[in-house]
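The sequence shown maps to residues -27 to -1, 1 to 229 in mature numbering (1 follows the signal peptide of the UniProt record, and there is no 0). The C-beta atom is built at its ideal place from N, Cα and C for all residues, glycine as well. Quick notes on the structure that follows.
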Amino acid sequence: MPFLTQSFHARTALLLTCLLFTAPALASELRVAVAANFLGTLNQLAPLYEAHSGQKLLISSGSTGRHYAQIVNGAPFDVFLSADIERPTLLVNEGLAVAASRFTYARGVLVLWSDNPDLPLQNGVFLSSPELRHLALVNPRTAPYGSAGVEVMEQLGIYQQLRAGRIAQAENLTQAMQFVTSGTAQAGFLALSQIIQPDGSLRGNAWLPPVSSYSSLEQQAVVLTASPQQQAAQAFLDWLKSEEARAVIKAAGYGF
C-alpha cells in the first residue's frame, strides 16, 4: 500500500507539473502583425478563432513595409499577414520565416474612394480635374496599395502631374481613409475591404479601377522562425484556410 500511495502521488505530481507548464502556453496570446488593409477583417476573425481554438490574438496593425522592417530588427511577432508577396518571400529567403508556412490568404482590390457623392470618380475622371486639391495615397514604398494606386495613375497619364504637391501621403491605409473623411483630401486610393458594408454595398462614392491596371494585390502569410510558439502559429494559418474563415474574408471584399 505505501508503494501504491507513493506511486499515485508521483503520478499526480507529474500530471500537475505538465498542466502547470502547458496551461500558460495554451493561454498565451498569438502575436500577429497584420497589414492595415486587413485589420478590420482580422478583428472579425479573431473572436471566431478564439472560439475555435481557445487562443487569443494580440494584433498589431501597420504598413507592410514597416512590419517587415520591425521583423528584420527582431520584433517579437509569431505571424505576419502581409499585403504582398514580396516581404514574406524576403523573410523566407533571409531565414526569418518558415518557408512551408507561406501561403496566399487573400487577394485585395483597389478602390478610388470619397465620401462626397458628387465627385466624378468613375474612370478616374476626377483625378485629372483642376478641382482636385489633394488625393490620399498610402506610401508606395512601404504599402502595396500605394504602389497599385501609382500604377493606375501612370496608366491614366496623370501621376507626374499629381505628385507635384497634390498627393497627401499616408503612413498606412487607415490614415489614408482618415485623410479623406477629415477633408484633408477629397478622395483617396483605399482597399475595397475598407468601404464594403455587411450587406455587400459600398459606403460612399467609389470607383474600382480595372484589375488589369495594377499589379495583383496577392496577400501572403508566414510563421516567423523566431516565434516560440510556431505550432500554434501554424494552426492559426491552417484555420485561415477553413471555410469558416474564408467566408468572412470573402464577405470583406477579398478574393483568393
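Among Leu129, Gly138 and Arg219, which has the Cα closest to the Cα of Ser186?
Leu129
Compute the Euclidean distance between the alpha carbons of Gln207 and Gln134, then round it to the nearest angstrom.
46 Å
Does the Cβ of Tyr227 have 16 or more other Cβ atoms within 10 Å, making it buried, or fewer, making it exposed?
buried
Distance, Cα to Cα, Pro90 vs Trp180?
11 Å
What does the alpha-carbon distance come out to for the pair Glu127 and Phe53?
The alpha-carbon atoms of Glu127 and Phe53 are separated by roughly 30 Å.
Here's the rule: buried if 16 or more other CB atoms are within 10 angstroms of the residue's CB, otherwise exposed. What is Asp51?
buried
Give the DSSP-derived three-state secondary structure of Val153 in the structure shown.
helix
Got a sec: is the Cβ-Cβ distance from Gln202 to anything in chain C below 8 Å?
Reference to chain C is not applicable here, since this structure consists of a single protein chain.
With which residues is Glu191 paired in a DSSP beta bridge?
Arg80
Taking the straight line between their C-alpha atoms, what separation do you get for Asn112 and Gly35?
12 Å
Which of helix, strand or coil does DSSP assign to Ser166?
helix
So Phe53 is in the beta strand (DSSP E); what residue range does that whole segment cover?
Run containing Phe53: Val52 to Leu54, per the beta strand (DSSP E) assignment.
Can you check which of these residues, Leu64, Arg4 and Gln148, is closest to Gln193 by C-alpha distance?
Leu64
Counting Cβ pairs closer than 8 Å, one from the segment 152 to 165 and one from the segment 59 to 79, do we hit at least three?
no
Specify the secondary structure class of Arg114 as computed by DSSP and reduced to three states.
coil
Can Ala160 be considered in contact with the ligand PLP, in the sense that its beta carbon sits closer than 7 Å to one or more heavy atoms?
Ligands are entirely absent from the displayed structure, and the ligand PLP is therefore not among its contents.
Compare the Cα-Cα distances from Asp88 to each of Ala218, Gln159 and Leu12 and report the closest residue.
Ranked by Cα distance from Asp88, the options Ala218, Gln159 and Leu12 are led by Gln159.
Considering only residues of the same chain and omitting the five flanking positions on each side of Gln170, which have a CB-CB separation below 8 Å?
The beta carbon of Gln170 sits closer than 8 Å to those of Arg176, all from its chain and outside the five residues before and after it, given in chain order.
How far does the beta strand (DSSP E) with Gly228 in it extend, from its first residue to its last?
Going by DSSP, Gly228 is part of no beta strand (DSSP E) at all; its letter is neither H nor E.
Using only alpha-carbon positions, find the residue among Val123, Ile222 and Gly119 that is nearest to Ala143.
Gly119
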